[in-house]
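Residue numbers are given in my numbering: position 112 of the sequence shown equals residue 112, and the series is strictly consecutive. Cβ atoms here follow ideal geometry from the backbone N, Cα and C, with glycine treated the same way. In this text, all values refer to a predicted model and were calculated from it rather than measured experimentally. What follows is a short report on a single structure.
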Amino acid sequence: MHKSQFLAVAVLLVNISAINFNLLAQTTESVMVHEVPAENGSYTVTPKVPADGKVPIGTVLTVKAKPSTGYSLDAVYYTVKGGMWGTLSYENFTPTMKITVDKEMWLGATFIQKSLVNNINVTHDVVYAKPGKKPLKYDVYSPKGARNLPCIVIIHGGGWSSNNEDIMRGLARELAQGGHYVVFSIDYRWVNKLDGDEQPTSMHHLIEDVFGAIAHIQENATRYGADPNRIGVTGDSAGGHLSEAAALLCTMIGDGGFSEQAGVFEYRPTYMPKGKSVDQVRAEITNAVRAVAPSYGPSDARDFKMFITQTSEEYYDAVSPVKHIPDVTDRSVPHFIVRGDQDNTVPHQAVQSYVDVLKAKGQPVEYILVEGAGHAFFDWKPDAETRGTFEKYGVKYAGEMREFFDGVFGRD
1 MHKSQFLAVA VLLVNISAIN FNLLAQTTES VMVHEVPAEN GSYTVTPKVP ADGKVPIGTV
61 LTVKAKPSTG YSLDAVYYTV KGGMWGTLSY ENFTPTMKIT VDKEMWLGAT FIQKSLVNNI
121 NVTHDVVYAK PGKKPLKYDV YSPKGARNLP CIVIIHGGGW SSNNEDIMRG LARELAQGGH
181 YVVFSIDYRW VNKLDGDEQP TSMHHLIEDV FGAIAHIQEN ATRYGADPNR IGVTGDSAGG
241 HLSEAAALLC TMIGDGGFSE QAGVFEYRPT YMPKGKSVDQ VRAEITNAVR AVAPSYGPSD
301 ARDFKMFITQ TSEEYYDAVS PVKHIPDVTD RSVPHFIVRG DQDNTVPHQA VQSYVDVLKA
361 KGQPVEYILV EGAGHAFFDW KPDAETRGTF EKYGVKYAGE MREFFDGVFG RD
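See the structure below:
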């Protein structure tokens, strides 16, 4: 085809597409689509959003992002109203994302300094188990050239009822900086029927998911240059509770069932490596988890029993890390704990009471109250406010957390 003919056809196709889009807008209900201005990069939307922002329901939009010099793509995303926290964001970590318009939404793309990821290999969505409808997965942040490095496992928060591992990627990148740790950011089931399962998920199932993720990580650690026998755990809010559980309830791993018999509470990991007994997995996890850094999380189930369907005191105790702190002469589990002094979600006393028991047991613990900070300052979301909070507080205390783990593992 002659070049002039090709251009004529291309123009005709574009015009036809525009005509069809306009006809669709006249015959179909439309909703508002907002384009959030990007910083340190740009993005395009095809077909273009009309000047009035009204787009017919069912329209498929293609968003393509391009970082500016010196920056890398963080995510392409769209946000809608709803969910536990008022908004829900859906993200894609490749430059192109297709979005089907079904309600009012906000489109955008976020970018980060290239230096944050230049020396890190990121592996997304490693599935470790599928006990229900939702595949359980984790992301890996491995320094380039990693070899036999300690693992740090991150457990996200969200009221045991929302979010996934993506919300912890800012913290994961910071902890992987310097090339001394391979970081694994894990997901788990939500309580009750929030994942769409017919049978409700209980709090002990979430803890079993955490143990399953750790067992899977240990089995595959060497693929990412990590040492399966040296693990630190951290998490924020609900993930703070689950990280404490990972460090302190691992001695309760077993196959006797959880509350199925009177007085028997044993966690069976959601994932079990082939050829290994539950006794082997319990010993390997207990020996490997050396330290924990729970951030602004509760440790006594009585402080969050609204998320628990069971009502017995025995059950509450069994899922409460504060009830299972060992004496330091039996097992040392150093703690690094932070909480904002303006946190209205998890009160100071809920954390202080945990610290008091740790100290009474002789456990090494550092508790920092962060002046001016509220709840969830380790979160990373597309909105500018959340990212700004992370930059203000999260970066600094991620650095201090990394130094804490350095003190435990050294720098080989």
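Close Cβ partners of residue i (< 7 Å) along its chain, the five nearest in sequence each way excluded
| i | result |
| --- | --- |
| residue 103 | 31, 80 |
| residue 249 | 207, 267, 321, 324 |
| residue 258 | 204, 265, 266, 267 |
| residue 130 | 136 |
Proximal residues to residue i (C-beta, below 6 Å), its chain only, five neighbours per side dropped
| i | result |
| --- | --- |
| residue 142 | 121, 182, 224, 225 |
| residue 78 | 90, 99, 105, 107 |
| residue 139 | 124, 165, 185 |
| residue 364 | 334 |
Straight-line Cα distance separating residue j from residue i
| i | j | result |
| --- | --- | --- |
| residue 42 | residue 65 | 6 Å |
| residue 252 | residue 189 | 20 Å |
| residue 387 | residue 87 | 15 Å |
| residue 167 | residue 379 | 6 Å |
| residue 74 | residue 262 | 49 Å |
| residue 362 | residue 246 | 19 Å |
| residue 128 | residue 397 | 29 Å |
| residue 93 | residue 219 | 26 Å |
| residue 368 | residue 269 | 32 Å |
| residue 59 | residue 38 | 23 Å |
| residue 194 | residue 301 | 20 Å |
| residue 236 | residue 111 | 24 Å |
| residue 413 | residue 376 | No information on residue 413 is available, as it lies outside the stretch 1 to 412 that the chain covers here. |
| residue 400 | residue 334 | 14 Å |
| residue 45 | residue 306 | 43 Å |
| residue 390 | residue 352 | 24 Å |
| residue 282 | residue 151 | 18 Å |
| residue 117 | residue 40 | 15 Å |
| residue 338 | residue 68 | 35 Å |
| residue 170 | residue 315 | 34 Å |
| residue 12 | residue 96 | Its pLDDT being 39, under 50, residue 12 is placed unreliably by the model, and nothing is read from it. |
Residues that DSSP places opposite residue i in a beta bridge
| i | result |
| --- | --- |
| residue 90 | 78 |
| residue 409 | None, per the DSSP bridge assignment. |
| residue 32 | 54 |
| residue 121 | 142 |
| residue 66 | 42 |
| residue 443 | As displayed, the chain neither begins before 1 nor continues past 412, which places residue 443 out of reach and without an answer. |
| residue 226 | 149 |
| residue 291 | 232 |
| residue 61 | 99 |
| residue 72 | 112 |
| residue 253 | 267 |
| residue 258 | 265 |
Beta-carbon proximity list for residue i, same chain, < 8 Å, skipping 5 on both sides
| i | result |
| --- | --- |
| residue 25 | Any reading at residue 25 needs caution, since the residue's pLDDT is 49, under 50, leaving its predicted position unreliable; the model's value is listed next. Same-chain partners within the cutoff: 50, 54, 55, 56. |
| residue 370 | 338, 339, 340, 341, 377, 393, 397 |
Alpha helix (DSSP H) runs wholly inside the segment 319-403, at least 4 long, in chain order: As for any alpha helix (DSSP H) of minimum length 4 sitting wholly inside the segment 319-403, the runs are 348-360, 384-389, ordered along the chain.
Can we say the segment 334-345 touches the segment 204-211, given the rule of at least three CB pairs closer than 8 Å? The segment 334-345 vs the segment 204-211: no contact.
Tell me, please, whether the segment 261-279 touches the segment 228-235 by the rule of three or more beta-carbon pairs shorter than 8 Å. The answer is no - the segment 228-235 does not touch the segment 261-279, with fewer than three Cβ pairs under 8 Å.
Tell me the start and end of each unbroken beta strand (DSSP E) in the segment 126-199 that is at least 3 residues and wholly inside, in chain order. Runs found: 136-143, 149-155, 182-186.
Three Cβ pairs or more, each shorter than 8 Å: is that satisfied between the segment 354-364 and the segment 376-390? Result no; under three Cβ-Cβ pairs closer than 8 Å.
Taking 8 Å as the threshold, find out whether the segment 95-112 comes into contact with the segment 123-137 through three or more Cβ pairs. No, the segment 95-112 is not in contact with the segment 123-137.
Any contact of the segment 283-302 with the segment 389-409, i.e. 3+ C-beta pairs under 8 Å? Two segments are said to touch when three or more pairs of C-beta atoms, one from each, lie closer than 8 Å; by this definition the segment 283-302 touches the segment 389-409.
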